[in-house]
Each structure stands twice: as C-alpha cells, then as structure tokens.
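Numbering (full-length UniProt numbering), first residue to last: 1 to 355.
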C-alpha cells in the first residue's frame, strides 16, 4: 500500500523486497493496524520522501534472516517495532536503551517494480505481504496471540500503555487523568488501570469515545465541550488534582489543561504528537511553584524485548483487553476508507489482515 504523493489516495502496488542482508530480517506480515501516523505520512505531515510504503503496527512470521542475526530465526512469530536499539550510544551504555539515540532500520530499500525506492513508514512498511526490516525491529512474542491484536503493540497501544506505566510511573492508589480517548489515550487508561490506579478520569469532546474509555477502565468521564475539565477533575480528587495527567492529543491548550489538572508535585506526560508550528506558553512561576515533572513520552519509553512479551502474556491471562482496540478487520483495498472512518472518530483501530 503506497502513498505516491502528498494527499494522493493510497494505492495497492506490486513491490520488490530484497533478500535480507547482514543484520536484516524478511517478515511475512499477517496483520497491520491503520495508525494516524500512516495518515500523517500520506498528508505530508512527517516528510516529503515519497513514495511511502505505509503500515507499521504489524505482526507476522520471520521468513529469512541475514548474516549475523542471532536474536530471531525463521519461523519466529514477531511484533515489529520502529526503535531497534543500537546498544552502543550513550543512552544504551548508561543502561537506558529505551532512550536509544541511534535506532536503526534495514539498510536495503524495497522498491516499486520500476526500481523506484520506497520510504517505509517508521522504517517498517508493513501494508505489504512481506517487508524487510532490521532484525532488531523484530520482537518474538507468544505465537498463540492473534496477529490482529499483537501487532497493535507496534505503535499506538504501546505508546499509550507506556506513557502511563513507564513514563508516568502510575502506581497503586494513584489518580490519573487522560486527555484524548482515541487509541493512544485508551491504551493509557488501560495501562493506568493495570498499574493499580484507583481513579482514572477520561476527558474528550466525543461521548462515543468516552463510552469506549469506560471499557478500558475509566472510572469517570468528562466531556470537555460541556464541562470545564480542570474544575471537574479537581472536584473528583478532593480539590487537589490528579497524580498523573496524560495529554494524548498534542495541542497546547490540552497540555495547559493537563498541567493545571494535576496535584502539587504531580506529573504531566505528553504522548500526543504536536505539529511543528505549535508553541506552549506557561507562567514560569507556576512551573516552579507547582513542582513535579513535565515529561514527553517516546514510544511509551518502551523497550520492546522487555515490554512486548509481558503485555502479550497479560493479554493471554485476560488482564489486558488488547482485543477491544480492534474495531474492524479489513483488506488492503479498504485502507483509504479506513482513514476516513478514523477521521470521523468511528474506529479505534482498523486492522489490515493479509493472506
């Protein structure tokens, strides 16, 4: 599935996938979620290195590996990730590989049949029957998990879960507010619930999304078109505000609401992706006087080899409702319409199932 030019409808094309070279893996894709990031690529919101091979929330089976690959082997069921850590940069050497500053992708390019090189979305390009990735982008998980569910850990669901658990450090008895209840926000709600938060407040402008948020563990919901959210959140937390406020939208006004909706010494986590032109203005005295922490969350600060197998295990135990994120399964021909349904807020995730 290729985006040939800015705002052009995506099309199904025949592509050429090289045999894996050193450090690379060839993966037969079984399922891939349709993420907002794919739409941003199509719209030119990430770059202009067209044509793009879209798709990155994927799971499948390794078909072949190149020289020097030891962590995965043909036949392994894997979830693809877009941050293959290098193990050598200053973050990795300090024992913080989830911050790796030199993540990498496959060296070889996939192409159209005329030789035109393709830019794979987030270094993956999984709206295809097969894709070539760096072997470090493959994380082996329990093969009993459905690919339609497992693949969602590859981006949005992991980003939200990790924003709550890894970045926000939500713990037992905490209070949490999540602003924006799409896939990432609902994953943050699920993560906060899993971590033991006792008050989980969902904030959105769409009552349908607030209903979904309850399915993932929200104890209270606020429609911010109808109710001022900061006052409502304080009313639900004894006048104090929440321990952790998560902005899953990425708008300055939403971040301001999250900032003022938290308790003294509380934490604000930005996981929604802002546009380049956006600016944030806050009184510096309030930043100082309220204490706590303002954090951004990169991919949920996850380490795929640590987090993906654990989350799949929790799903298999019935403790993490990953299957509730799947609104529909579709074919490659339906991706363009799924973008429209996403824009209308009708789905959490459409998932492409490949033969």
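A virtual CB, placed ideally from N, CA and C, is assigned to each residue, including glycine.
When C-alpha distances from residue 192 are compared across 212, 335 and 245, the shortest belongs to 245.
Boundaries of the alpha helix (DSSP H) harbouring residue 213: 207-215, taken from the DSSP string.
151 is the residue among 8, 31, 70 and 151 whose C-alpha sits nearest the C-alpha of residue 304.
One Cα belongs to residue 251, the other to residue 274, and the distance between them is close to 6 Å. Per DSSP, residue 37 lies in no beta strand (DSSP E) segment; the continuous alpha helix (DSSP H) that holds it begins and ends at 36-43.
When beta bridges are read from the DSSP output, residue 33 appears opposite 57 and 351. Taking 9 Å as the cut-off, the Cβ atoms of residue 201 and residue 254 do not count as close. Following the DSSP letters along the chain, one finds residue 262 inside the beta strand (DSSP E) bounded by residues 262-270.
Runs of the beta strand (DSSP E) lying entirely within the segment 94-162, each at least 3 residues long, are 130-134 and 138-140 in chain order. Counting along the chain, the unbroken beta strand (DSSP E) around residue 199 starts and ends at 199-204.
Straight-line measurement puts the Cα of residue 103 at about 12 Å from the Cα of residue 90. Beta bridge pairing from DSSP links residue 257 with no other residue. The Cβ atoms of residue 135 and residue 65 lie closer than 9 Å to each other. In the structure shown, the three-state DSSP call for residue 26 is strand. About 6 Å separates the CB atoms of residue 325 and residue 183; that is less than 8 Å, so the two are in contact. Restricting attention to 12, 180, 45 and 147, the CA atom closest to the CA of residue 277 is found in 45. Measuring C-alpha to C-alpha distances from residue 350 to each of 329, 49 and 333 identifies 329 as the nearest. In this structure, the straight-line span from the alpha carbon of residue 101 to that of residue 87 is close to 10 Å.
In the DSSP assignment, residue 293 falls within the unbroken beta strand (DSSP E) covering 293-296.
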